[in-house]
Structures are given as C-alpha cells and as structure tokens.
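Novice: Take this structure first; my questions come after.
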Amino acid sequence: MDKHAFIHRLRAICGENIIADEPQLKVYETDGLTAKRRAPWLVVLPSSVKEVQQVVKLCFDAEVPLVARGAGTGLSGGALPHADGVLLILAKLKRILSVDTENRLATVEPGVTNLAISEAVKDRGLYYAPDPSSQVACSIGGNVAENSGGVHCLKYGLTVHNVRRLKIISPTGDLYEVGSHAFDSAGYDLLALLHGSEGMFGIVVEITVALLPIPESVSVVTAGFAAVEDAASAVTDIISAGIIPAGLEMMDKLAIEAAEAYVKAGYPTGAEALLLCELDGIEMELETQLRSLMDILKENGATSIDSATVPEERERLWRGRKAAFPAIGRIAPDYYCMDGTIPRRHLSLVLNRIAALSEEFSLPVANVFHAGDGNLHPLILYDANEADELRRAEEFGARILECCIEAGGTITGEHGVGIEKIDQMCIQFSETELSLFHGVKAAFDEKSILNPGKAVPSLHRCVEFGAQHVHQGKTKFPELDLF
Amino acid sequence: MTGDFTQSLLEQVQEAIGYKSPLVIEGGGSKKFYGYPQPDVLKRLYTSDHQGVIDYSPDELVIHVRAGTPLSEVRKLLADSGQMLAFEPPDFAGNATIGGVIASGLSGARRPFSGALRDFVLGTTVITGSAEVLTFGGQVMKNVAGYDVSRLIAGSLGTLGVILDVSLKVLPLPELEVTLTIPVSRGGFQVLLQSMRQSVPVSAAAHEGDHLRVRLSGSEISVTAAVKELGGEEIDNSYWDQVNNLERFGEIEQLWRISVVPGSDILLEEAALVDWGGSLRWLVQPGFSPRERLKKNGHATLMKYKAASLAPGLDIFQPLVEPVAGIHQRLKKQFDPAGIFNPGRMYRDL
C-alpha cells in the first residue's frame, strides 16, 4: 500500500484530521496498558459518522487493518495500534444527541465520556449506572467494546445490561442498528454479542443507554477487620441476608494504608481488611437493610465501623477506594493491575495463593476487590527501570490469572482480553471453543480488517504458548502437529 | 432415569449430522406453539432426561443446572433458600424445562424492573452442529473473556445448538409482595406509574380494561406503606402468572406480541393488555397487520395462533433486514453448518 496515495485519499474524507508524522504517531503508541507500545501506521480522527463510514470502506477496500479507539483508557491493550494499520480515534464524536426523560433513554455518540452522560441528565433526576473508575475520561464507545463494569455491578450490571440500542458500521462500511428503544428486538441477541467484542465486529457510532432514577436514599458504611477471612465472611452473610448492595468493596492492608496516606478518608490503618458497602433505594427499604448490615458487620468481628448518608461524607468514605490505584502509584514506581473474577467462596484461598506468589516473585501486591461480584484487582508493584522487574510482574500476573481459572473463575471480569491476556485465553478455552470464536468473528468481519490479533488467540499462538507453558503436566494441544 | 445424558445427546447429534437429518429439540414441550410449526415427521431430540442441579450456592447468587431440569423444580429449590429467577419466565403448561426457558428467551412481568432473561445468563454449555461440546461464560457475575456466546444462545430458539446446562444469576425473594388494581384510563396509566416509581417498590405494572395492575415488592414496611399511600384494591399475586402464561385472553385465533418504547402511542388503545409498564402490548385477533402500524418503531411477533388462521407467507417474527439478516445466516453456519437444529423454527431460512 502506497502510504502517500492512501493519505491523499484519507484527506479527501477527513481533511486535516490525519496524523502521519513519526514523532506525532508515537503519542498514540499505547492505551491504558502502558507496558505495551506500538506506533500506528496512521491516525485518523473523523468528525462525523459519515466520515467514519468512508474511512472504514477505504480501509476495507485497501485491506488496511483498522483499530478503533475512544479515549484510550482501556487496561488490556485492546486499542494497541497495528503497525501497518489505521488507528481510528472516535473522540471527536462527542455529542449527546437526545435525552428522553419519559422513557429514560439517552442517545449519544461514542466519544462522550461515561460521566458526561450522568452529568447531562442529573437535572432530570436520572443517571447512567455503570461507573468504571476511569469514568471521567473513558468514552462510552470503549465501554461497549469492553463491556465495562465499575463498583455498582452487583446490583446494576455491566454495560451490556444498560445499553438498549447500538448503531454500528460494518467492516464493509454499512451502517446498521442492533437492539431497539423497546426492551427487546427480533432475532438473535446481537446487542449482547457486540458488548465486550473489543472492536472485532464493527465500529460503534451511536449508543442509546438506559437511564435510572437517582435513588431516593443512599448510605455508605465502611468496616475494618482484623482478618481478611472475617471480611469475606461478612460479605457472605450480607448476601445471605437477602441484601443486594449497590456497591460492596474490599481492600487489603497495603491498599488501605496507601489510600489513607494519599487521601485521608479516615480508614482504619491497622486493619487487615476494609469493607465498603453502599446501600441505595427507597428510604424505608434502606432503614431495614442498614440495621441488618450493622448487625452482620458486628457479628463478624468488625474492629471499626464508619457510616455516612450525606453526600460529602459518603464521598469521603468512597474517596479512599476510588483513589486506591493512584495511591498505589505513589508507593511504587509502577504497578500492574490484574482483573480476574472468582467465585467468592474461594477468596481466602486465592488471596493466600497471591501472597505466596508475591514472595516467589519478590514483588509486593496490593488487593482491591469488588467483593460483591467476585472481581479481584491485584496490583503488582514493580519498577520498570529495574532489570527484569517488568518481566517478573507480567509472569506473576499471568500466574494470578491461571489461579483464577483453577478456582472456577475467569481471566477478566471487566478489563477485557485485548492483547494482555491473549495467552491465558489458551488456558481458559479449548481449541474448539477458540475456533468457534474465530467463526463468530468471521460472521461479522470475514477479511479480519478490524483489530486483528486481539481478544482471541490464533491456534498457532496457543501452540507456541503451550510449548513454553505446560499446563497441569500436559500440553494444551497434544492433537496438533507441532512441527 | 434422569441425570447426565451428554453422551447420549451427543451421539444423537452425531447421527443426525451423518444422515443430514434435522432434529427438533424438545424439553418439556410447553412452548411448541412458539415459532413456526415443526413437522411431525422430523426426528425429536428430547432433553428432559438430562436434568439435575450441578451446583447451587445461595450466597454466590448463582445456580448451575442441566437443561432438562423442570423450571418448577428450580423455582422451588431457589424459594427454599429465599431466592428467585428475577426475570420471571413463563411456565405455560407447567412442564417447562430450564433449557426451553433459555432457548425461548422469554421474560415475564418483572422484566422492566429487574432485567431480561439474558441479563441473568452467566454461562452455558452447548452441543454445536459440529457435535462439539463447548462451554462459554462461567459461574461468575463478571466475565468478559471470549465473546458473549451464552447470551447469544439465549432466545435463539434452539437454532444454534443443544443447550446442555446453564448458569444463572439469582436474586433474593422480596419479603412481601402485594398486587393492587387502581382505576385509571389507558391513556393516563403511565403518568400515574411514573409518579409512583421514585418512592414505591414497583416490580410489575400492566394495564387491562380500565385498571392499572401494579405489583409492589420489597420489605414489609415499605410495601405496607405503599399500599396505604396508593389506595386501590388488593388482588391475588397469581394475576401475574396469568399474564406471563398468556392466560388472560381466552380462546383466540391470533395473539400478537408488540414490543415498543413504553411511551409510544402505537397500538396502545387497541391492545387487550399492556404489560412491562407500557412497553409490551398484546393484541387479540386485530384484523389488520400490526407491522404496518408499527413501521420501524418496534417489532411484532405472532405469539399464538390457530393453524388455520396462518396466512401463507405471514412472518411469525419481525423480518430481519440486511446486513443483520446476513449476520444471522453466517452465525447459524458457524454453529450449525449442516443446518440440523430446529430448521425454520425462528426464520424460514435459519
């Protein structure tokens, strides 16, 4: 492909919104997973759906790979550029197209940030529920691509539970819709399938999200515990009591201390574990739930309890949790954030394994945990400037993911596979399952123009991975000829 | 005898592939009326022996069951631990299996307030049309590894594979449920509903005749307070089973299911019953084509019909347009290359 001729054709579509100079391209070499870097061949920033459509068509005809990207905050390298491809940045498509108060819907362009939706509908007493911790910056298009979660998933679900309709551009440049403003639509549930498909099926150019009424009443309670097991047992008791908290978070000692040193949320620094529980809903419902919550925390040996109902005080209690990642960033030059999910009953077992691995790799780890839905975020502390530490951190991370699979869980709860966890996909899924994934991809994108090499490993890659990684004493693909 | 019949089901699928002979997948047979009729000459693949609870831990909020397990058994087991399937699936003749529940994808009256069936599907194991046993998703709440095939399977009417087992998220049963009937016109019930939803625990809302039927679910204190505040007359909660099981319409030639945005005026007055807070409209032998009225503002399904009333060429499900229709074709080819599973049940060419 002649680069100059291609740029010329792109200019005819997008004018000056094209980046082709080496030093400028370097700016876009990474997304939120900064350990992986690769400069794109070209960057294009279209400013309308029509322009996106034309760029996609051009790339399809020329067989140029296309990687879509929103704000670039993704943590799994899903928007890592392709060296011979176009990085299609949708950040300029950031209009809120309509808000329908009666039906509680908002239709927005993909570059609108997650938080901007809630801000825009606040005056109508509504909000958009999923709230990934990057919500100030991350775009809703990226949320759809990764099926992003947040701290309120147990009660309100992930992105897939809160989106009603998508407009998509196919790899051939056709614009189509899936889902509807009603509660369902005819045919297969392509709307669900597109969520978390990591930009492999199409380019999302318009999203209709479902809005919820801002709850009448909200309470936040934090409790310190002398042992992680006590906090875990409190979580089990809360759920068993029939309470579905809006948020139920756990932090371990290292995370508590780092957060407290950073934002002074009033967390108990001596505690081995901290639980944060948010209840929301109708005021009368909440009073009953709050009483049983307090009893459960005390019965499980909470060493300290703090609670808040007014917004400023609630914000203080959340501050430590929400600042946990940057707080860890202050105590180590670099950290590597993992994202496994496990059945909650195996929490102590998995945390003990992580502690043992931490010693094996001589790297400290802090644990932040969406306790309600079993989504674990171990943060591995390392120093990229120290020889070998990045490699050790990555290997440590990979071992944590394998441990999650062994516990009956998954390698990613909300960050996506991207490029980061692509090798672990070979462990979680069989060869036939991966083949079917490739088939599903082909049903949308036969020429594999969109985000090639992400989300699902090639069988060849799994063979190579298996060669250096013998799982449970046997190679993963004994049936494949290795030579 | 019941239990793990994976091997037997797999062998029957292999045989069907070998002979290129289609299979009609059948669980409890409670939804035979749904979709295009399946000719009697076609071979049946019975899944109802493949039953049993693989794992259920109430405090994980997850149940993992084999497809042939009766819905009634699952409901009872959950209720014994104070839990429920929050998407409130219909049970029709009372012998629905979990596999059929998932394959049909039908959610009941709680749908607008708690979520759709597919929202609660966490994972599934299926036999594909290549006779492979594949597992997608898992038993955890949050899982974005691999494409979300388990939610794709939900509602695909058995056209993509034989469901062997499924993991579902479950929720606590409310402490108290009360159904009220309140006189209000068809045109005015949504305004009334909007005004109550902020501070009252609504879990179902339908309009029939000139009454709003609203179910309140929550703690004893809040439901009792809401009953006092709203007034109206208390009726039995079994009303919602009748709504979910399509028992409010009597003997009918044709029953159409219209799905629109709740606030829409389309077919609002004509509907015999409006469920889902306004979004789901049931039309009894309308004598006109609902799709012509709908245009692009929703979709219409011929839910139940007497065979004689089915005009040749009438589409039971809303026809698909390109490129979505093509994506359906290609997905079907990937899952079921020989086209043996429930051919023509959902769309004539699928």
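Residue numbers (this note's numbering), protein chains in the order written: chain A, 70 to 552; chain B, 5 to 354. Ideal Cβ placement from N, Cα and C applies to all residues, glycine included. If you're wondering where the values come from, they're calculated on a predicted model, not measured in any experiment.
When you check each C-beta in the region 329-350 of chain B against every C-beta of chain A, which residues fall closer than 7 angstroms?
Specialist: Under the 7 angstroms Cβ criterion, the region 329-350 of chain B contributes ILE331, HIS332, ARG334, LEU335 and GLN338.
Novice: Out of A/VAL177, A/CYS495 and A/VAL290, point me to the one whose CA is closest to A/GLU471's CA.
Specialist: Working through the first sequence from its first residue, we reach residue 471 of chain A at position 402. Checking every option, the nearest Cα to that of A/GLU471 belongs to A/CYS495.
Novice: Which stretch, first to last residue, makes up the beta strand (DSSP E) that contains B/ARG48?
Specialist: Here the question's residue 48 of chain B lines up with position 44 in the second sequence. Its beta strand (DSSP E) spans residues 47-50.
Novice: Note down the Cα distance separating A/HIS507 from B/LYS336, rounded to an integer number of angstroms.
Specialist: As a working mapping, residue 507 of chain A is identified with position 438 in the first sequence. As a working mapping, residue 336 of chain B is identified with position 332 in the second sequence. Cα to Cα, A/HIS507 sits roughly 14 angstroms from B/LYS336.
Novice: To the nearest angstrom, report how far apart A/VAL539 and A/PRO201 are at their CA atoms.
Specialist: Counting from 1 along the first sequence, the entry for residue 539 of chain A is found at position 470. Counting from 1 along the first sequence, the entry for residue 201 of chain A is found at position 132. At A/VAL539 the pLDDT is 47, less than 50, meaning the model places this residue with poor confidence and gives no usable figure here.
Novice: Determine, for B/PRO205, whether the minimum Cβ-Cβ distance to residues of chain A falls below 8 angstroms.
Specialist: Here residue 205 of chain B is taken as the residue at index 201 of the second sequence, counted from 1. Interface residue, yes.
Novice: Less than 7 angstroms between C-beta atoms, sequence neighbours within five positions excluded: which residues of the same chain meet that for B/GLY150?
Specialist: Position 146 of the second sequence, counted from the first residue, corresponds to residue 150 of chain B. Answer for B/GLY150: PHE140, listed in chain order.
Novice: Counting contacts by CB-CB distance shorter than 8 angstroms, is A/VAL486 in contact with chain B?
Specialist: Here residue 486 of chain A is taken as the residue at index 417 of the first sequence, counted from 1. By this cut-off, A/VAL486 is an interface position.
Novice: With DSSP run on the structure shown, which of helix, strand or coil describes A/HIS507?
Specialist: For the purposes of this step, residue 507 of chain A is identified with residue 438 of the first sequence, where counting begins at 1. The answer is helix: DSSP assigns A/HIS507 an H, G or I state.
Novice: Which same chain residues end up closer than 6 angstroms to A/THR479 when comparing Cβ atoms and leaving out the 5 residues on each side of it in sequence?
Specialist: Your numbering for residue 479 of chain A matches position 410 in the first sequence. Result list for A/THR479: THR410, in chain order.
Novice: Out of A/MET70, A/ASN172, A/ALA330 and A/SER217, state which residue places its alpha-carbon closest to the alpha-carbon of B/GLY281.
Specialist: Taking the first residue of the second sequence as position 1, residue 281 of chain B is located at position 277. Taking only the C-alpha atoms, the option nearest B/GLY281 is A/ASN172.
Novice: Is DSSP giving B/LEU298 helix, strand or coil here?
Specialist: Residue mapping note: residue 298 of chain B aligns to position 294 of the second sequence, counting from 1. DSSP places B/LEU298 in helix when its eight states are reduced to three.
Novice: Assign B/THR183 to buried or exposed, taking buried as 16 or more other Cβ atoms, counted over all protein chains shown, within 10 Å of its Cβ.
Specialist: In the second sequence, counting from the first residue as 1, residue 183 of chain B sits at position 179. B/THR183 comes out buried.
Novice: Are A/ALA456 and A/LEU432 closer than 8 angstroms when you measure CB to CB?
Specialist: As a working mapping, residue 456 of chain A is identified with position 387 in the first sequence. As a working mapping, residue 432 of chain A is identified with position 363 in the first sequence. Result no, Cβ atoms of A/ALA456 and A/LEU432 do not sit closer than 8 angstroms.
Novice: Between the alpha carbons of B/PRO116 and A/GLY226, how many angstroms are there, rounded?
Specialist: Against the second sequence, residue 116 of chain B aligns to sequence position 112. Against the first sequence, residue 226 of chain A aligns to sequence position 157. Each residue's alpha carbon lies about 14 angstroms from the other.
Novice: For A/GLY109, count neighbouring C-beta atoms within 10 Å of its own C-beta (all shown protein chains included) and say buried if the count is 16 or more, exposed if not.
Specialist: The residue given as residue 109 of chain A occupies position 40 in the first sequence. Residue 109 of chain A is actually Pro in this sequence, not Gly. The residue is buried, with at least 16 neighbouring Cβ atoms inside 10 Å.
Novice: Could you tell me whether the Cβ atoms of A/HIS484 and A/GLU318 are closer together than 8 angstroms?
Specialist: In the first sequence, residue 484 of chain A corresponds to position 415, counting from 1. In the first sequence, residue 318 of chain A corresponds to position 249, counting from 1. It is not a contact, given that the beta carbons lie outside the stated cut-off.
Novice: Pick out whichever of B/VAL204, B/ILE225 and B/SER189 has its Cα sitting closest to the Cα of B/HIS211.
Specialist: Numbered from 1 along the second sequence, position 207 holds the residue referred to as residue 211 of chain B. Closest by alpha carbon: B/SER189.
Novice: Just how far apart, CA to CA, sit A/GLN541 and A/GLY535?
Specialist: Residue numbering aside, residue 541 of chain A sits at position 472 when the first sequence is read from its first letter. Residue numbering aside, residue 535 of chain A sits at position 466 when the first sequence is read from its first letter. With a pLDDT of 43 at A/GLN541, under the threshold of 50, the modelled position of that residue is not reliable, and the figure given next carries that caveat. Cα to Cα, the separation comes out at about 11 angstroms.
Novice: Excluding sequence positions up to five away, which residues of its chain have a Cβ less than 8 angstroms from the Cβ of A/LEU549?
Specialist: Counting from one through the first sequence, the residue named residue 549 of chain A turns up at place 480. Note on A/LEU549: pLDDT 41, under 50, position unreliable in the model; the coordinate value appears next. For A/LEU549, where only same-chain residues beyond five positions count, the Cβ hits under 8 angstroms are GLU500, LEU528 and VAL532.
Novice: Give the residues of chain B in contact with A/ASP258, contact being defined as C-beta atoms less than 7 angstroms apart.
Specialist: Looking up residue 258 of chain A in the first sequence gives position 189. Going along chain B in sequence order, the residues near A/ASP258 (Cβ under 7 angstroms) are ARG122, ARG155, LEU156, ALA158 and GLY159.
Novice: Since A/PHE513 meets chain B, which of its residues come closer than 7 angstroms, beta carbon to beta carbon?
Specialist: As a first step, residue 513 of chain A is located in the first sequence; it is residue number 444 there, counting from the start. Ordered by position in chain B, the residues that pass the 7 angstroms Cβ test against A/PHE513 are ILE331.
Novice: In terms of residue numbering, what span does the alpha helix (DSSP H) encompassing B/GLY330 cover?
Specialist: Here the question's residue 330 of chain B lines up with position 326 in the second sequence. 328-339 is the extent of the alpha helix (DSSP H) around B/GLY330.
Novice: State the DSSP-derived secondary structure class of B/ARG252, mapped to helix, strand or coil.
Specialist: By one-based count along the second sequence, residue 252 of chain B stands at place 248. Coil at B/ARG252, not helix or strand.
Novice: Could you work out which residues of chain A lie near B/ASP152, taking near to mean beta carbons separated by less than 9 angstroms?
Specialist: The residue labelled residue 152 of chain B in the question sits at position 148 within the second sequence. Within chain A, the residues near B/ASP152 are ASN216, VAL229, ASP258, ALA261, LEU262, LEU263, HIS264, GLY265 and SER266.
Novice: Is B/PHE9 helix, strand or coil by DSSP?
Specialist: By 1-based counting over the second sequence, the position of residue 9 of chain B is 5. Note: B/PHE9 maps to coil in three-state DSSP.
Novice: Looking at A/LEU149: is its Cβ nearer than 8 angstroms to the Cβ of A/ILE488?
Specialist: Position 80 of the first sequence, counting from 1, holds the residue named residue 149 of chain A. Position 419 of the first sequence, counting from 1, holds the residue named residue 488 of chain A. It is a contact, given that the beta carbons lie within the stated cut-off.
Novice: Could you give the DSSP three-state label for A/PRO92: helix, strand or coil?
Specialist: The residue labelled residue 92 of chain A in the question sits at position 23 within the first sequence. Looking at A/PRO92 - three-state DSSP - the assignment turns out to be helix.
Novice: With DSSP as the reference, label B/VAL227 as helix, strand or coil.
Specialist: Start at 1 with the first residue of the second sequence, and residue 227 of chain B comes out as number 223. Helix at B/VAL227.
Novice: I'd like the span of the alpha helix (DSSP H) that includes A/PRO380, first residue to last.
Specialist: As a first step, residue 380 of chain A is located in the first sequence; it is residue number 311 there, counting from the start. First-last of the alpha helix (DSSP H) with A/PRO380: 380-391.
Novice: Can you confirm whether B/SER263, when its beta carbon is compared against all beta carbons of chain A, has any partner nearer than 8 angstroms?
Specialist: The residue given as residue 263 of chain B occupies position 259 in the second sequence. Yes, contact with chain A.
Novice: Report back the beta-carbon spacing between A/GLU285 and B/GLN198 to the nearest angstrom; my notes put them in contact at under 8 angstroms.
Specialist: If you number the first sequence from 1, residue 285 of chain A lands on position 216. If you number the second sequence from 1, residue 198 of chain B lands on position 194. Wrong, their Cβ atoms sit about 15 angstroms apart, outside the cutoff.
Novice: If we define contact as Cβ-Cβ less than 8 angstroms, is A/ILE411 a contact residue for chain B?
Specialist: Your numbering for residue 411 of chain A matches position 342 in the first sequence. Chain B contact via Cβ: present.
Novice: For A/ASN520, which of A/LEU174, A/VAL125, A/GLU267 and A/GLY441 has the nearest alpha-carbon?
Specialist: Locating residue 520 of chain A in the first sequence gives position 451, counting from the first residue. It is A/GLU267.
Novice: With burial defined as no fewer than 16 other Cβ atoms inside 10 Å of the residue's Cβ, what is the status of A/VAL229: buried or exposed?
Specialist: Translated into the one-based positions of the first sequence, residue 229 of chain A becomes position 160. Per the 10 Å Cβ criterion, buried.
Novice: Taking only beta carbons into account, state which residues of the region 169-192 of chain A come closer than 7 angstroms to chain B, listed in chain order.
Specialist: Within the region 169-192 of chain A, the qualifying residues are GLU171 and ASN172.
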